[in-house]
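Asker:
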Amino acid sequence: MKVTYNEKDKLLKIEITEEIDHHSSEKIRTRADFEIQKYIPKKLVMDFENVNFMDSAGIGMILGRYKMITMFGGTMGMINVHSSVKKVFEMSGITKIIPIIEEIGGTEIGKCV
């Protein structure tokens, strides 16, 4: 997992670099929680470019981070979601809560979230 923080925009970007299942979701959750509490960002973007598989444990992990970021008054979005993962998001209804940002560029993430 790669984490970047833009202090100017108060934007925390978490790039997930592995498949999300029961075993990996706990590790991702722990690190994401640490980074959210460290920076207390106004915007959180989760990048799924390297994720081709995700099960229900991933849905729970994502919803938990959404809950945490909104407790701090922030917003959340998801980018680079592959079609197989997008189907899981749509079937679970998570896209009604957390938007999938289709196009980004530069600071456009901040405008979309």
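Counting in the working numbering, the sequence shown runs from 149 upward without gaps.
Glycine is no exception: its CB is placed at the ideal position from the N, C-alpha and C atoms.
1) I'd like the span of the beta strand (DSSP E) that includes ASP277, first residue to last.
2) Taking the alpha carbon of VAL199 as the reference point, which residue from ILE249, ILE188, TYR214 and LYS234 has its own alpha carbon closest?
3) With respect to the alpha helix (DSSP H) encompassing MET202, which residues constitute its N-terminal and C-terminal limits?
4) Can you say whether LYS191 is buried or exposed, counting buried as having 16 or more other CB atoms within 10 angstroms of its CB?
5) Take GLY254 and list the residues in its own chain whose beta-carbon comes closer than 7 angstroms to its own, dropping the five residues that flank it on each side.
6) Do you know whose CA, among ILE249, SER232 and GLN185, lies nearest GLY221's CA?
7) Suppose contacts are defined by Cβ-Cβ distances below 8 angstroms. Is ILE164 in contact with VAL151 by that definition?
8) Any idea if MET219 is buried or exposed, counting beta-carbon neighbours within 10 angstroms, 16 or more meaning buried?
Answerer: Answer, in terms of the structure:
1) Only positions 149 to 261 of the chain appear in the structure, and residue 277 is not among them; the question remains open.
2) Stepping through the sequence shown from its first residue, residue 199 is reached at position 51. Residue LYS234 holds the alpha-carbon nearest to the alpha-carbon of VAL199 among ILE249, ILE188, TYR214 and LYS234.
3) Your numbering for residue 202 matches position 54 in the sequence shown. For MET202, no alpha helix (DSSP H) segment is defined, and its DSSP state is neither H nor E.
4) Looking up residue 191 in the sequence shown gives position 43. Buried is the call here.
5) Indexing the sequence shown from 1 puts residue 254 at position 106. Only weak support is given to the placement of GLY254: the predicted model assigns it a pLDDT of 49, under 50, and the question is left unresolved by the model.
6) Here residue 221 is taken as the residue at index 73 of the sequence shown, counted from 1. Measuring from the Cα of GLY221, the nearest candidate turns out to be GLN185.
7) Against the sequence shown, residue 164 aligns to sequence position 16. Against the sequence shown, residue 151 aligns to sequence position 3. Between ILE164 and VAL151, the gap from beta carbon to beta carbon reaches 8 angstroms or more.
8) Here residue 219 corresponds to residue number 71 of the sequence shown, with the count starting at 1. With fewer than 16 other Cβ atoms from the protein chains shown falling within 10 Å of its own Cβ, MET219 counts as exposed.
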